Amino acid sequence: MCFLEKEIKNKTEYTGYKIVAKKQNRDYYSIAMGFEYKEDEDIPIVKKQEVLSDMFRDSILEGPCHNPDMRGRTAVFRNKKDAGNFFRNIPRFYCVYQPVIVRATVKKDLMSGTYSFWNIVAGRRIKFHEEIK
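Numbering (our numbering), first residue to last: 1373 to 1505.
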């Protein structure tokens, strides 16, 4: 899971790379939690997890590794290469979703940290840009 270590005080937004589950109509969903992202709205505080891939445990919220600082936040990888490496390890998706990498900007209450050994930045809002091929 994401481990957030430090508040970012000198920036109000950060653009990086987000891996999401995509439906055909361009709606983006959280792979680990299952909610639909609403651009420029606060990320919901998830109470019931709906995993969309074999990649994630279905008990993240109750597990010892769940970082309370991630509640109501989503994270982007700081660089494209890390997002690509993570993307290649996603096994399979359930139903009608496809994994995609999207350049995205996180905003509001930014924190930096790591996911596994990759550097991330997390925020309470997200704005999506173009999909990365």
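Just so you know, even glycine gets a beta-carbon here, dropped at the ideal spot from N, CA and C. Remember, predicted model here, so these are calculated numbers, not experimental data.
When the beta-carbon positions are compared, Gly-1406 and Val-1493 stay at least 7 Å from each other.
Here Lys-1479 has Glu-1385, Gly-1495, Arg-1497 as same chain residues with Cβ atoms under 6 Å from its own Cβ, once five neighbours each way along the sequence are excluded.
The continuous stretches of alpha helix (DSSP H) do not include Ala-1404, and DSSP gives it neither H nor E. Here Phe-1458 carries a helix assignment [DSSP, helix/strand/coil].
With respect to Glu-1413, Asp-1399 sits apart: the two C-beta atoms are not nearer than 7 Å. Here Val-1493 is bridged, per DSSP, to Val-1448, Ser-1484. Across the set Glu-1411, Ala-1393, Asn-1439, Ile-1504, the C-alpha of Asn-1439 shows the shortest separation from the C-alpha of Tyr-1487. Linking Val-1392 to Gly-1485 through their CA atoms gives a straight-line distance of about 19 Å. Its Cα nearest to that of Ala-1404, the residue Ile-1462 stands out among Asp-1454, Gly-1456, Ile-1462. Following the DSSP letters along the chain, one finds Arg-1475 inside the beta strand (DSSP E) bounded by residues 1470-1479.
Distance between Glu-1411 and Met-1442, taken at the CA atoms: about 18 Å. Taking Gly-1444 as reference, the option from Asn-1451, Val-1418, Gly-1456 with the minimal CA-CA separation is Val-1418.
In the three-state reduction of the DSSP assignment, Lys-1453 falls in the helix class.
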